[in-house]
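Q: Chains as they are written, first to last, in the working numbering: chain P, 22 to 134; chain C, 604 to 762; chain V, 144 to 258; chain Y, 426 to 947.
The structure follows.
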Amino acid sequence: MNIGLLETGSGHWNALIWFIAVLIIGAGVIYLRNEGEEKYKKGTNQTKPFLSGNPEISKEDSHVGASHIYWGFTEALKNYYEPLVKMHTGSINDYSGWIILIMAIIFIIVGVS
Amino acid sequence: MIGEMSRIVRTMTNIIFGFIVVFGFYVIAHGHLSPGGGFQGGAIVASAFALLLVTYGTEVIQQYIAKDLLSVIESTGLILFGSFGFLGISATYFYNIVANSGGLFGSPTVIGVNPGDLNTSGTIALMNIAVGLEVLAALGVIVLTMSAAAEIIQNKEKS
Amino acid sequence: MIGNFPFVAVIMLIALGMYSLMFKKNLIKIAIGLTLLEGGVNLFLITLGYRKGGVAPIYTMAPEGVKMVLPTPQALCLTSIVIGVATTALVLSIAMILYKQYGTIETDEIRRLRG
Amino acid sequence: MNGILMHAPALVIALPLLAAFVTPILGRFNYKKISWFVSAVFGVTLLLTLLMAGQILTNGTIVYVFGGGEAGLALPSGYTFPIRIIFQIDAMGIFMALITAVISFLAAVYSISYMEDYSGVDKYYTLLLLLATSMFGMELTGDIFNFFVFFEISSISSVALISFRSTFNGEPAEAAIKYMVISSISALMVLFAIGLFYGQYGTLNMAAIASFMQFTKLDKMALILFLTMLAMKSGAVPMHMWTPDAYSEAPSAITVVLVATSQASLYALFRIIFSLYNVTLNTVTVGWILIILGVLSMFIGVTMAVIQKDIKRLMAYHSISQTGYMLLGVGVGLAVLANPAALASYGIKAMEGGIFHIINNALYKGLLFLTAGALFYRTGTRDLNKMGGLAHNMSYTTLFYIIGAAAIAGIPPFNGFASKLIIYESVYQFNPLLAIIAMLVSILTLASFVKIFHSAFLGPQLEQYKSVQEVPKSMVFAMAVLSIIIIFFGLFPNLIVKYIVHPAVMALINQSHYTSTILGGM
Numbered sequence: 022m023n024i025g026l027l028e029t030g031s032g033h034w035n036a037l038i039w040f041i042a043v044l045i046i047g048a049g050v051i052y053l054r055n056e057g058e059e060k061y062k063k064g065t066n067q068t069k070p071f072l073s074g075n076p077e078i079s080k081e082d083s084h085v086g087a088s089h090i091y092w093g094f095t096e097a098l099k100n101y102y103e104p105l106v107k108m109h110t111g112s113i114n115d116y117s118g119w120i121i122l123i124m125a126i127i128f129i130i131v132g133v134s
Numbered sequence: 604m605i606g607e608m609s610r611i612v613r614t615m616t617n618i619i620f621g622f623i624v625v626f627g628f629y630v631i632a633h634g635h636l637s638p639g640g641g642f643q644g645g646a647i648v649a650s651a652f653a654l655l656l657v658t659y660g661t662e663v664i665q666q667y668i669a670k671d672l673l674s675v676i677e678s679t680g681l682i683l684f685g686s687f688g689f690l691g692i693s694a695t696y697f698y699n700i701v702a703n704s705g706g707l708f709g710s711p712t713v714i715g716v717n718p719g720d721l722n723t724s725g726t727i728a729l730m731n732i733a734v735g736l737e738v739l740a741a742l743g744v745i746v747l748t749m750s751a752a753a754e755i756i757q758n759k760e761k762s
Numbered sequence: 144m145i146g147n148f149p150f151v152a153v154i155m156l157i158a159l160g161m162y163s164l165m166f167k168k169n170l171i172k173i174a175i176g177l178t179l180l181e182g183g184v185n186l187f188l189i190t191l192g193y194r195k196g197g198v199a200p201i202y203t204m205a206p207e208g209v210k211m212v213l214p215t216p217q218a219l220c221l222t223s224i225v226i227g228v229a230t231t232a233l234v235l236s237i238a239m240i241l242y243k244q245y246g247t248i249e250t251d252e253i254r255r256l257r258g
Numbered sequence: 426m427n428g429i430l431m432h433a434p435a436l437v438i439a440l441p442l443l444a445a446f447v448t449p450i451l452g453r454f455n456y457k458k459i460s461w462f463v464s465a466v467f468g469v470t471l472l473l474t475l476l477m478a479g480q481i482l483t484n485g486t487i488v489y490v491f492g493g494g495e496a497g498l499a500l501p502s503g504y505t506f507p508i509r510i511i512f513q514i515d516a517m518g519i520f521m522a523l524i525t526a527v528i529s530f531l532a533a534v535y536s537i538s539y540m541e542d543y544s545g546v547d548k549y550y551t552l553l554l555l556l557a558t559s560m561f562g563m564e565l566t567g568d569i570f571n572f573f574v575f576f577e578i579s580s581i582s583s584v585a586l587i588s589f590r591s592t593f594n595g596e597p598a599e600a601a602i603k604y605m606v607i608s609s610i611s612a613l614m615v616l617f618a619i620g621l622f623y624g625q626y627g628t629l630n631m632a633a634i635a636s637f638m639q640f641t642k643l644d645k646m647a648l649i650l651f652l653t654m655l656a657m658k659s660g661a662v663p664m665h666m667w668t669p670d671a672y673s674e675a676p677s678a679i680t681v682v683l684v685a686t687s688q689a690s691l692y693a694l695f696r697i698i699f700s701l702y703n704v705t706l707n708t709v710t711v712g713w714i715l716i717i718l719g720v721l722s723m724f725i726g727v728t729m730a731v732i733q734k735d736i737k738r739l740m741a742y743h744s745i746s747q748t749g750y751m752l753l754g755v756g757v758g759l760a761v762l763a764n765p766a767a768l769a770s771y772g773i774k775a776m777e778g779g780i781f782h783i784i785n786n787a788l789y790k791g792l793l794f795l796t797a798g799a800l801f802y803r804t805g806t807r808d809l810n811k812m813g814g815l816a817h818n819m820s821y822t823t824l825f826y827i828i829g830a831a832a833i834a835g836i837p838p839f840n841g842f843a844s845k846l847i848i849y850e851s852v853y854q855f856n857p858l859l860a861i862i863a864m865l866v867s868i869l870t871l872a873s874f875v876k877i878f879h880s881a882f883l884g885p886q887l888e889q890y891k892s893v894q895e896v897p898k899s900m901v902f903a904m905a906v907l908s909i910i911i912i913f914f915g916l917f918p919n920l921i922v923k924y925i926v927h928p929a930v931m932a933l934i935n936q937s938h939y940t941s942t943i944l945g946g947m
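Structural data, given as structure tokens:
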């Protein structure tokens, strides 16, 4: 079977085998899910989400906007992000300055070696 | 750019305009013999347009030189340039098949120092003409558009 | 020594162009900086093709038995000039649009896109 | 038939070029139909490119001499190096040309509906055709000055296209002037480097320069200029700042072509390093420069992408980060170029990964930008904060977005996974740390695309987007074609690597083959 077998230098990868494996595992999962849970009863409090006793917020209000996604991530990396965002000044002079700076650096590196 | 300039400038422009245009076309036509060629000649003709614009103001000139017409000339010049390349397609694209064939621009070229013959060089001369048309139209459009836009900005500042 | 003067001029033109691109805040001055840069590069190409005592490489009415300078760099330079005209026209027209929309051509104030 | 095949290299350039100038005249008679005309022209170009690809992959390099008495006659008798403009198309060149052909065809098809309501569409199509022509020129040419001319045409036409929407607000013009200044600097410095070559070797043909190459001090200087300027044009950090500006403000169909343009610059960088210099240069130093640029691009690109709020800006930062993968893969290949044992054991594989990633990136990045354009077409905004719940109305777009996002994040079985896996495994043998960074970047990529998915597609249906419909058919068609190619590449990556990517890599590495096709047997 050489169809789809990709040599990756130190190993192999075959998307078709992966695909078949996903199908088998998926079928297993669906089978287990259809078996069902014995204690589950429809229409009781079991089906409602539990938010530490607080009332559930409506779907419209609970949608997180794009600016708030990964808030913790950016907050934790504040020291990394602040200078990085400051670096992107948006001024044409800085854009050309960076090019000339990098050109000088590469000039030194290649010139020395 | 607003309004016309003084009578002296207008009179001089009227006299000199024709000479500039003729010289521009001379440079285009002699591109394969002397310094110059399509681009330079076209730029000279376009500079005549710029002179008119400076002298008479944008509004007057726009009545005489239509931007649409210039755009069509520009595209035509470029299409001609591309199509002249196909003349030599029996050998390769851009092959100079007209040269030394005896027809228009087809006289055999003399090797070495010579006084120059306008009727030589084949496709090169044809392409010079095509490029000349394109450049005079394109630069004309640029000059016209920019002066019209400058006028809008100036009026905005005044108001 | 004197033959190297054009190269010194090339370096100076390019350095001046780079300087105005990096430190001048006015878009028109940036356009001038680009033109300086282009002039420097074109001068470099032309200087490459020069041979001492050479004449223009045109056979029409050329004097007999005289060296000619290399025509190829001149053709390259001409192409580069044509492109330069297009570039300059484009930069200036966009600067005009920017002035219409932003009311300024200072690069410090033209930076709504950042971050 | 035979004649068309023989002249295909010229026709690929000449057809879009002529069509570019026919379009404005045609637009006077039938304004509505020019979009179909342009798409047809791109379709024919795609067919020609495919024909050429078949020819090259079976019979080897094609040489086309412009204005010569015979198409394949590079050296007329009595000449030691060629003087005419020559197109020299090897496996690497046709690989890039295929990308250009597919992407520009789909961009034109997408534009049929996308640009319908704009005025001045004839000029838009003229510029699009010119941009495609210039990209073909950059990829097929064997003449270095010719490359410069096409390079400049590409920057001028793309600048005009970026500023196309500047009648509404100033931002497109701002992005355009930044890109113009930057690309003028790069083009002029490239011209300076070409002057350095011409001054030393007296020729402009790339194969001839390669055979004369001594790696003197001036060659070193030319290398530095080429390296910096072309890396900048392909968007390597820290010279990447123009990328998010230009990509986000251009019309979406153009952004897709701009991605292909920056990859054409990347191709030129590889071509100059491998075919012109090859082992004469200090491969370890230059290889490490490429690797460091690549790692910086990957990491800074992706971390900046995570915090963006503009959908197209976010994707633009990702294209910087994906460029990093290509630089990393090819940089590793370059670093071990002088070491045949290492080159055979993982260098070639790393380069295969990098080159394979170019086509993959063009496909899924194209698809993602097209979906972003579809969202903009229906909602009129690019701000992620203002979007939400669009999956209710735009089911096809959602599906295509999922495919594109999964592919860029490297989720099997899509194509991004295949090329990233090759890069990870081969780079791991070179330096494990680099492979770990590459994997980390892949995770962050997934995170930021989940962000778009959550804020634009998921959530309850918003009031203002109740009446939003699926995008028109031509846009769906363009996205569907890209998705199908992505899935095919993901399921059968070995075919692509074996028949397209591997010959391209060998064409890059094998410098003597490149020179001998022009200059005869060495």
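All C-beta atoms, glycine included, are put in the ideal place defined by N, C-alpha and C.
None of these values were measured; they are calculated from a predicted model.
(1) Only counting the same chain, and skipping five residues up and downstream in sequence, which positions put a Cβ closer than 8 Å to that of C/VAL746?
(2) Name the two residues that bound the continuous alpha helix (DSSP H) containing P/TYR101.
(3) Taking the CB atoms as reference points, tell me whether Y/VAL773 and Y/VAL926 lie closer together than 8 Å.
(4) Spell out whether any CB of chain C is found under 8 Å from the CB atom of Y/PHE446.
(5) For the alpha helix (DSSP H) that contains Y/ASN594, what are its first and last residues?
(6) Can you tell me whether Y/GLU599 is buried or exposed? The criterion is at least 16 other CB atoms within 10 Å of its CB, across all chains shown.
(7) Are the Cβ atoms of Y/ALA685 and Y/ALA787 separated by less than 8 Å?
(8) May I ask which residues mark the beginning and end of the alpha helix (DSSP H) holding C/ASN703?
(9) Does DSSP classify Y/TYR489 as helix, strand or coil?
(10) Please confirm if the region 857-871 of chain Y is in contact with the region 63-81 of chain P, defined as three or more CB-CB distances below 8 Å between the two stretches.
(11) So with Cβ pairs under 8 Å, would you call V/ILE226 a contact of chain C?
(12) Quick one: which chain P residues come within Cβ less than 7 Å of V/MET161?
(13) Within this structure, are the beta carbons of Y/LEU759 and Y/VAL711 separated by less than 8 Å?
(14) V/PHE187 touches chain Y at which residues, Cβ-Cβ below 8 Å?
(15) Three or more C-beta pairs under 8 Å: does that hold for the region 665-676 of chain Y against the region 504-515 of chain Y?
(16) Name the DSSP beta bridge partners of P/ASP82, please?
(17) Taking three-plus beta-carbon pairs below 8 Å as touching, is the region 894-912 of chain Y in contact with the region 790-809 of chain Y?
(18) Taking just the CA atoms, how far does Y/SER844 sit from Y/THR748?
(19) Rounded to whole angstroms, what is the Cα-Cα separation between Y/ALA533 and Y/ALA678?
(20) Please classify C/ALA687: does DSSP put it in a helix, a strand, or coil?
(21) Measure from the alpha carbon of C/PHE697 to the alpha carbon of each residue in Y/ALA435, Y/PHE589, Y/MET560, then state which is nearest.
(22) Which residues of chain V have a Cβ atom closer than 9 Å to the Cβ of Y/ILE581, listed in chain order?
(23) Between the C-alpha atoms of Y/VAL922 and Y/LEU715, what's the straight-line distance to the nearest angstrom?
(24) So P/TYR91 contacts chain Y; which residues on that side make the cut at Cβ distance below 9 Å?
(25) From the DSSP output, read off the bridge partner residues of P/HIS33.
(26) Determine the direct distance from the alpha carbon of Y/ALA478 to that of C/THR695, and round the result to whole angstroms.
(27) Using a C-beta cutoff of 8 Å, does P/ALA97 count as contacting chain Y?
(28) Tell me the rounded alpha-carbon separation between Y/MET631 and Y/THR474.
(29) On the CB-based measure, 16 or more other CB atoms within 10 Å of its CB, does P/MET22 come out buried or exposed?
(30) Quick one: Cα of Y/GLY494 to Cα of C/SER693, how far?
(31) If I measure Cβ to Cβ from C/ALA669 and keep anything under 6 Å in the same chain, skipping five residues before and after, which residues do I get?
(32) If contact means a Cβ-Cβ distance below 8 Å, which residues of the region 493-518 of chain Y contact chain C?
(33) Determine the chain P residues that contact V/PHE166 at a beta-carbon separation under 9 Å, and present them in chain order.
(34) Given a threshold of 16 other Cβ atoms within 10 Å of its Cβ, counted over all protein chains shown, does P/SER112 qualify as buried or as exposed?
(35) Can you tell me which of C/ILE618, C/VAL675, C/VAL612 puts its alpha carbon nearest to the alpha carbon of Y/PHE454?
(36) Please report the straight-line C-alpha distance between Y/ALA526 and Y/ILE519, rounded to a whole angstrom.
A: So, to answer that:
(1) ALA649, PHE652, ALA653, LEU656
(2) P/TYR101 -> alpha helix (DSSP H) spans 99-108.
(3) Position check: residue 773 of chain Y holds Ile in this sequence, whereas Val was assumed. Between Y/ILE773 and Y/VAL926, the C-beta spacing is not below 8 Å.
(4) When Cβ-Cβ separations below 8 Å define contact, Y/PHE446 makes contact with chain C.
(5) Note, Y/ASN594: premise wrong, no alpha helix (DSSP H); not H, not E.
(6) Looking at its Cβ environment, which holds 16 or more other Cβ atoms inside 10 Å, Y/GLU599 is buried.
(7) Contact flag set, yes.
(8) No alpha helix (DSSP H) contains C/ASN703, which DSSP labels as neither H nor E.
(9) In the displayed model, Y/TYR489 falls within a strand according to three-state DSSP.
(10) Contact between the region 857-871 of chain Y and the region 63-81 of chain P is not established, with fewer than three Cβ pairs separated by less than 8 Å.
(11) no
(12) Those are ILE121, listed as they occur along chain P.
(13) Contact: yes.
(14) PHE617, GLY620
(15) No, the region 665-676 of chain Y does not touch the region 504-515 of chain Y.
(16) Answer is none; P/ASP82 lacks a bridge partner.
(17) yes
(18) 13 Å
(19) 7 Å
(20) Note on identity: in this sequence residue 687 of chain C is Phe, with Ala being the wrong assignment. Three-state DSSP puts C/PHE687 in a helix.
(21) Answer by Cα proximity: Y/ALA435.
(22) ILE226, ALA229, THR230, LEU233
(23) A straight-line Cα-Cα distance of about 23 Å links Y/VAL922 and Y/LEU715.
(24) VAL731, ILE732, ALA872, SER873, LYS876
(25) P/GLU28
(26) Straight-line measurement puts the Cα of Y/ALA478 at about 20 Å from the Cα of C/THR695.
(27) For P/ALA97, the answer is no, since every Cβ of chain Y falls outside 8 Å of its Cβ.
(28) 22 Å
(29) Reliability fails at P/MET22, whose pLDDT of 48 lies under 50, so the model's placement of it is uncertain and no value is given.
(30) 9 Å
(31) none
(32) GLY493, GLY494, GLU495, ALA496
(33) At a beta-carbon threshold of 9 Å, the residues of chain P lying near V/PHE166 are ASN114, GLY118, ordered along the chain.
(34) buried
(35) C/VAL675
(36) 10 Å
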